[in-house]
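Beneath this line is the structure, given in structure tokens, with notes to follow.
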Amino acid sequence: MPEGAVVHRGTVEDAAQVLRGRTVTALTGAGVSTDSGIPDYRSPDSPPRNPMTYQQFVGDEAFRRHYWARNHVGWQHVDRTQPNAGHRALATLEERGVLRGLITQNVDLLHEDAGSRRVIDLHGRYDRVICLQCGRVISRAHLAQRLDELNPHFLEEVLSGGLTVADIEVAPDADAVIEQTSHFNPAPCEFCGGVLKPEIVYFGESVPRERVERAYAMVDDAGALLVAGTSLTVMSGLRFVRHAAKTGKPIVIVNRGETRGDPLATVKVEAGVTETLTALVDLLTR
Ligand SMILES: [Zn+2]
20 MPEGAVVHRG TVEDAAQVLR GRTVTALTGA GVSTDSGIPD YRSPDSPPRN
70 PMTYQQFVGD EAFRRHYWAR NHVGWQHVDR TQPNAGHRAL ATLEERGVLR
120 GLITQNVDLL HEDAGSRRVI DLHGRYDRVI CLQCGRVISR AHLAQRLDEL
170 NPHFLEEVLS GGLTVADIEV APDADAVIEQ TSHFNPAPCE FCGGVLKPEI
220 VYFGESVPRE RVERAYAMVD DAGALLVAGT SLTVMSGLRF VRHAAKTGKP
270 IVIVNRGETR GDPLATVKVE AGVTETLTAL VDLLTR
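So for the sequence shown, this note's numbering puts the first residue at 20; every next one is plus one.
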């Protein structure tokens with residue numbers, strides 16, 4: 020945060036006062052999904068973790084093997100995850116005509132599951148896989164079938180080794196996991212033999228231009244911006260906060276812990292995301 024920047028801290032009532040009578044676009048991050056059991060690697064109490072980069076994925080076959088092995092276990096965890104009251108609060112705000120739309124940095128689709136309709140999945144979605152060579156997109160569920168065929172006993176072996184799905188997701192670099200993934204057989208594209216990648220934007224990769232343009236338009240479409248559950252560490256999300264500030268729109272940030280957008284916030288609510296969003300619905304729709 021720049022030295023001397025003033026952060027306007029406030030309560031949920033202060034936030035409601037800013038948003039009342041305005042249409043709102045929301046920008047959400049990992050903090051919205053932590054109460055659904057999806058770990059937020061950037062929250063203040065999380066262990067430091069090196070995120071995978073696009074370059075690693077594309078350039079290193081052993082890394083890809085390890086990645087797909089972990090993903091084969093981990094994606095089912097995400098697939099079984101349920102939206103929480105925070106996701107439902109945002110869906111309700113849309114239903115009541117307060118929220119114009121939602122831009123999310125999450126790939127878990129929990130906003131869609133909760134009933135949000137106008138959602139831009141800025142960083143992609145976990146349930147799709149794309150071929151880096153021919154560009155064809157297949158479903159993650161279809162790939163799961165192929166991976167099961169290519170690695171018939173893998174899941175049993177990994178899970179019988181005392182590891183749980185949660186261990187594998189939470190401790191991606193654990194030696195035990197790497198040891199068990201060295202023989203994993205990742206599937207090539209069934210159409211052209213190319214390398215498959217989850218349709219997720221990784222570090223070192225850019226968000227497709229068309230998607231960025233739609234997100235800017237969604238910010239422009241509303242009278243205020245509500246940011247929830249993200250520290251805005253990456254420019255990918257921060258740019259929309261800067262855009263809202265530049266165009267004179269009030270900004271409410273709900274996040275436990277500092278964010279890079281704090282100096283631009285009209286009100287910063289330093290509290291849990293789920294309870295704050297739930298309280299906001301009561302205040303804005305009664
Ligand atoms: Zn292909």
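Ideal placement from N, C-alpha and C gives every residue a C-beta, glycine not left out. Just so you know, these numbers come straight off a predicted model, no measurement behind them.
Point to revise | DSSP state of GLU224 mapped onto helix, strand, coil | key: When DSSP states are grouped into helix, strand and coil, GLU224 belongs to the coil group.
**Study point:** Buried versus exposed, by CB contacts within 10 Å (16 or more), LYS268
**Key:** Flag for LYS268 reads buried.
Check your understanding: If you draw a straight line from the C-alpha of THR200 to the C-alpha of GLY134, how long is it?
Key -> Approximately 37 Å, taken between the alpha carbons.
Practice item. Give every residue of the same chain whose Cβ lies closer than 6 Å to the Cβ of TYR73, excluding the five residues on either side of it in the sequence, and list them in chain order. Key: The answer, listed in chain order, is TYR221, GLY223, GLU224.
**Study point:** Residues near GLY291 by beta carbon distance below 7 Å, same chain, minus five either side
**Key:** Here the set comprises ARG275.
Point to revise | Residues bridged to ARG147 [DSSP beta-bridge criterion] | key: Per DSSP, SER158.
Exercise for review: Give the DSSP-derived three-state secondary structure of GLY93 in the structure shown.
Suggested key: It is helical.
Point to revise | With 16 other Cβ atoms within 10 Å as the buried cut-off, status of ASP281 | key: Buried: at least 16 other Cβ atoms inside 10 Å.
Review point. Just to confirm, are MET237 and ILE122 a CB contact at a threshold of 8 Å?
Key: The answer is yes: Cβ separation under 8 Å.
Exercise for review: Could you check the C-alpha separation between GLN36 and HIS106 for me, to the nearest Å?
Suggested key: Rounded to whole angstroms, GLN36 to HIS106 spans 21 Å at the Cα level.
Review point. Can at least three beta-carbon pairs, one atom from the region 126 to 145 and one from the region 225 to 234, be found at a separation below 8 Å?
Key: Contact between the region 126 to 145 and the region 225 to 234 is present: 3 or more CB-CB pairs across the two stretches fall below 8 Å.
Check your understanding: Under the DSSP definition of a beta bridge, which residues are partnered with THR252?
Key -> Answer is none; THR252 lacks a bridge partner.
**Study point:** CA nearest to the CA of ASP98, picked from GLY40, ARG159, ARG89
**Key:** Closest option to ASP98, Cα to Cα, is ARG159.
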